[in-house]
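All you need for our numbering is the position in the sequence shown, starting with 1, plus 2.
Heads up, the thing below is written out as structure tokens.
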Amino acid sequence: MTNYDEHEMYLQRVISNSIGSQNPSKKAKKEARKLYYSYFQDYKETLLNDYDGKKLSDIDNSRVISTSYGDALKITEKQKINFIIDDNDFKNQMNSNLKLLPKIGLKTEQNLKNKGYSTIDSLKNHDKYCDVACKFMDNLDNLSFAEIVDLLDNNRYSKKCRDNILKSISLTDKENFKFMDIETLGLSNVPIILIGVAEIKGNKIISSQYFLREIYEEPAVIEAYLSHLDEDSVHVTFNGKSFDVPYIKNRCMYNRLSVDLNLPHLDLMYFAKNLWRDELPNCQLQTIEKELFGIERHGDVSGQYIPDYYNTYLAEKNIGPIVPIIEHNRQDIISLASFLEKMYEEVN
Numbered sequence: 003m004t005n006y007d008e009h010e011m012y013l014q015r016v017i018s019n020s021i022g023s024q025n026p027s028k029k030a031k032k033e034a035r036k037l038y039y040s041y042f043q044d045y046k047e048t049l050l051n052d053y054d055g056k057k058l059s060d061i062d063n064s065r066v067i068s069t070s071y072g073d074a075l076k077i078t079e080k081q082k083i084n085f086i087i088d089d090n091d092f093k094n095q096m097n098s099n100l101k102l103l104p105k106i107g108l109k110t111e112q113n114l115k116n117k118g119y120s121t122i123d124s125l126k127n128h129d130k131y132c133d134v135a136c137k138f139m140d141n142l143d144n145l146s147f148a149e150i151v152d153l154l155d156n157n158r159y160s161k162k163c164r165d166n167i168l169k170s171i172s173l174t175d176k177e178n179f180k181f182m183d184i185e186t187l188g189l190s191n192v193p194i195i196l197i198g199v200a201e202i203k204g205n206k207i208i209s210s211q212y213f214l215r216e217i218y219e220e221p222a223v224i225e226a227y228l229s230h231l232d233e234d235s236v237h238v239t240f241n242g243k244s245f246d247v248p249y250i251k252n253r254c255m256y257n258r259l260s261v262d263l264n265l266p267h268l269d270l271m272y273f274a275k276n277l278w279r280d281e282l283p284n285c286q287l288q289t290i291e292k293e294l295f296g297i298e299r300h301g302d303v304s305g306q307y308i309p310d311y312y313n314t315y316l317a318e319k320n321i322g323p324i325v326p327i328i329e330h331n332r333q334d335i336i337s338l339a340s341f342l343e344k345m346y347e348e349v350n
């Protein structure tokens, strides 16, 4: 089968799964129904019936924990993972990236390499760049991972060399990654109702989720999440630079929590667009799950309905509506680990 035939088959599959085609598949009709308000209202009623009489303590692996701001509900899950970041000698790669020095751009770098200056170290013998090259090489071994990410992220050519930030993750321990996602009651200035963070410990990935049983517990939920962070932590999110981390900072200010969240941050949404936008219909998190990892979610709740589901939980004292929200959040943070590993493999 030729590449053209494979492409045609892919297009036919995509078209048949579109509700706009002449003969939409059953799957397309089912997915289209999930776009309607009535579907989520019916689903919510089903959940209320299914979980009638159930308590938060009936949620698997849940327990109440204490923080300095009060109690919060913690839900913990463990599963095996084969997460491998092979050494790629990245600091040596940095030595070959002349653009890391001030006033060296793409053309200047190429001209220097044509003259035999293939590394920053070799520029120690260059009349113009010897001083900055010496300073850079003297500091290179002592740069922390946070400093290296900051150097790469702020470089004016970082968009053209975005892969370098992904390559740099070999310089930190995998245990430092904090795969994180939040669920909120809206898009601004309203409480966070759930924070999930996944961490790799040996051959397991452990998800810890902190749920707001009542609105007044928000400081405790945030404090519980912050307990996972230290100076070596690295945030790994999907659109978290624009939403999740600024949102947490805002709610910390609202609740008068003093915290420093200025950690290295890998927002995988930007890397996904850079790597896969020509391969996928779009670069949404669930599209990547489905197309690249074969993960299809069932019983998921669209983000726009989460506030309504949570408010129903509060009003009805019924855990049904929040069960799929917790599962949605857990799948988000677990998927980020798979995304990061695959991205690292591709750029190397």
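Just so you know, even glycine gets a beta-carbon here, dropped at the ideal spot from N, CA and C.
Here the structure is a predicted model, which is why all the values come from computation and not from measurement.
TODO: Output yes or no for whether 8 Å exceeds the beta carbon distance between Glu220 and Pro193.
DONE: For the purposes of this step, residue 220 is taken as the residue at position 218 of the sequence shown. For the purposes of this step, residue 193 is taken as the residue at position 191 of the sequence shown. Yes, Cβ-Cβ distance for Glu220 and Pro193 is below 8 Å.
TODO: Have a look at the DSSP bridge pairing and note the partners of Ser68.
DONE: One-based indexing of the sequence shown puts residue 68 at position 66. Ser68 is bridged to Asp73.
TODO: Measure the alpha-carbon distance for Met271 versus Thr289 and round it to whole angstroms.
DONE: The residue labelled residue 271 in the question sits at position 269 within the sequence shown. The residue labelled residue 289 in the question sits at position 287 within the sequence shown. Computed Cα separation, rounded: 12 Å.
- [ ] State the beta-bridge partners of Ala200 as determined by DSSP.
- [x] Walking along the sequence shown from the start, residue 200 turns up at place 198. Partner(s): Phe181 and Ser209.
Open item on the list: I'd like the ranges of any alpha helix (DSSP H) spanning at least 4 consecutive residues and lying wholly in the region 208-287.
Closed with: 220-228, 246-256 and 270-278
Task: According to DSSP, residues forming a beta bridge with Glu79 - done: Here residue 79 is taken as the residue at index 77 of the sequence shown, counted from 1. Answer is Ser209.
TODO: In angstroms with no decimal places, state the Cα-to-Cα distance between Gln211 and Phe295.
DONE: Locating residue 211 in the sequence shown gives position 209, counting from the first residue. Locating residue 295 in the sequence shown gives position 293, counting from the first residue. Distance between the alpha carbons of Gln211 and Phe295: 23 Å.
- [ ] Quick one: give me the first and last residue of the alpha helix (DSSP H) that Ser337 is part of.
- [x] As a working mapping, residue 337 is identified with position 335 in the sequence shown. Per DSSP, Ser337 belongs to the alpha helix (DSSP H) from Val325 to Val349.
Task: Close Cβ partners of Asn178 (< 7 Å) along its chain, the five nearest in sequence each way excluded - done: Here the question's residue 178 lines up with position 176 in the sequence shown. Asp234, Ser235 and Val236, listed in sequence order.
- [ ] Look at the alpha carbon of Glu201 and the alpha carbon of Ile336, and state the distance between them as a whole number of angstroms.
- [x] Along the sequence shown, read from residue 1 onward, the residue named residue 201 stands at position 199. Along the sequence shown, read from residue 1 onward, the residue named residue 336 stands at position 334. Approximately 9 Å, taken between the alpha carbons.
Open item on the list: Please tell me whether Phe213 and Leu196 are closer than 8 Å, where the distance is taken between their beta carbons.
Closed with: Start at 1 with the first residue of the sequence shown, and residue 213 comes out as number 211. Start at 1 with the first residue of the sequence shown, and residue 196 comes out as number 194. Result yes, Cβ atoms of Phe213 and Leu196 sit closer than 8 Å.
Open item on the list: Looking at the strands, I want to know which residues DSSP matches up with Ile194.
Closed with: Taking the sequence shown and counting its residues from 1, one reaches residue 194 at position 192. Bridge partners of Ile194: Thr186.
Open item on the list: In this structure, how does DSSP classify Pro104 when only helix, strand and coil are distinguished?
Closed with: As a position in the sequence shown, residue 104 is number 102, starting the count at 1. Pro104: coil per DSSP, three-state reduction.
TODO: Determine, using beta carbons only, whether Lys80 and Lys180 come nearer to each other than 8 Å.
DONE: As a first step, residue 80 must be located in the sequence shown, where it is residue number 78. As a first step, residue 180 must be located in the sequence shown, where it is residue number 178. No.
- [ ] Spatial neighbours of Leu58 within its chain, please: CB distance less than 7 Å, with the 5 preceding and 5 following residues excluded, ordered by chain position.
- [x] For the purposes of this step, residue 58 is taken as the residue at position 56 of the sequence shown. The residues are Ser64, Leu75, Arg215 and Ile321.
Open item on the list: So for Ser172, helix, strand or coil by DSSP?
Closed with: Within the sequence shown, numbered from 1, the residue matching residue 172 stands at position 170. If DSSP states are grouped into helix, strand and coil, Ser172 belongs with the helices.
Open item on the list: Taking the alpha-carbon of Trp278 as reference, which of Glu291, His267, Thr110 and Asp129 has the nearest alpha-carbon?
Closed with: Start at 1 with the first residue of the sequence shown, and residue 278 comes out as number 276. Closest option to Trp278, Cα to Cα, is Glu291.
Task: Neighbour-count burial assignment, His267, 16 or more Cβ in a 10 Å radius - done: One-based indexing of the sequence shown puts residue 267 at position 265. Buried.
Task: Closest residue to Asp165 among Asn144, Leu103 and Asn99 (Cα-Cα distance) - done: Here residue 165 refers to the residue found at position 163 when the sequence shown is read from its first residue. Selected option, being the one with the closest Cα: Asn99.
TODO: Could you tell me the boundaries of the alpha helix (DSSP H) in which Gln306 lies?
DONE: Your numbering for residue 306 matches position 304 in the sequence shown. Taken as a continuous stretch (DSSP letters only), Gln306 belongs to no alpha helix (DSSP H), as it is neither H nor E.
Open item on the list: So, with DSSP's three-state summary, where would you put Ile150?
Closed with: Against the sequence shown, residue 150 aligns to sequence position 148. The answer is helix: DSSP assigns Ile150 an H, G or I state.
Open item on the list: Please state the DSSP three-state secondary structure of Cys136.
Closed with: Locating residue 136 in the sequence shown gives position 134, counting from the first residue. DSSP places Cys136 in helix when its eight states are reduced to three.
- [ ] Give the DSSP-derived three-state secondary structure of Phe42 in the structure shown.
- [x] Position 40 of the sequence shown, counted from the first residue, corresponds to residue 42. Helix, per DSSP.
- [ ] Go through its chain and collect everything with a Cβ distance to Ala135's Cβ below 6 Å, but skip five positions before and after it.
- [x] Along the sequence shown, one-based indexing puts residue 135 at 133. If we look at Ala135 and ignore the five residues flanking it on each side, its Cβ neighbours are Ile122, Leu125 and Lys126.
TODO: Please determine, among Glu348, Asp334, Gly55 and Tyr38, the residue with the shortest C-alpha to C-alpha distance to Glu298.
DONE: Along the sequence shown, read from residue 1 onward, the residue named residue 298 stands at position 296. Nearest option by C-alpha distance: Asp334.
Task: Under the three-state DSSP convention, the category Ile297 falls into - done: Reading the sequence shown from its first residue, position 295 is the one you call residue 297. Coil at Ile297, not helix or strand.
- [ ] Label Ala274 either buried or exposed according to how many other C-beta atoms from any shown protein chain fall within 10 Å of its C-beta, with 16 as the threshold for buried.
- [x] On the sequence shown, position 272 is the one that residue 274 refers to. Buried is the call here.
Task: Of the residues Asp269, Lys46, Ile224 and Leu287, the one placed nearest Ile327, counting alpha carbons only - done: Numbered from its first residue, the sequence shown carries residue 327 at position 325. Selected option, being the one with the closest Cα: Lys46.
TODO: Whole angstroms is fine: what's the gap from Val303's alpha carbon to Asp91's?
DONE: Residue numbering aside, residue 303 sits at position 301 when the sequence shown is read from its first letter. Residue numbering aside, residue 91 sits at position 89 when the sequence shown is read from its first letter. Rounded to the nearest angstrom, the two C-alpha atoms are 43 Å apart.
Task: N- and C-terminal bounds of the alpha helix (DSSP H) containing Asn144 - done: Numbered from 1 along the sequence shown, position 142 holds the residue referred to as residue 144. It is not in any alpha helix (DSSP H) - Asn144 carries neither H nor E in the DSSP assignment.
Task: Simplified DSSP assignment, three categories, for Ser59 - done: For the purposes of this step, residue 59 is identified with residue 57 of the sequence shown, where counting begins at 1. In this structure, Ser59 counts as helix in the three-state DSSP scheme.
TODO: Can you give me the Cβ contacts of Ile86 inside the same chain, cut-off strictly under 8 Å, excluding the 5 residues immediately before and after it?
DONE: Numbered from its first residue, the sequence shown carries residue 86 at position 84. Correct list, in chain order: Glu343.
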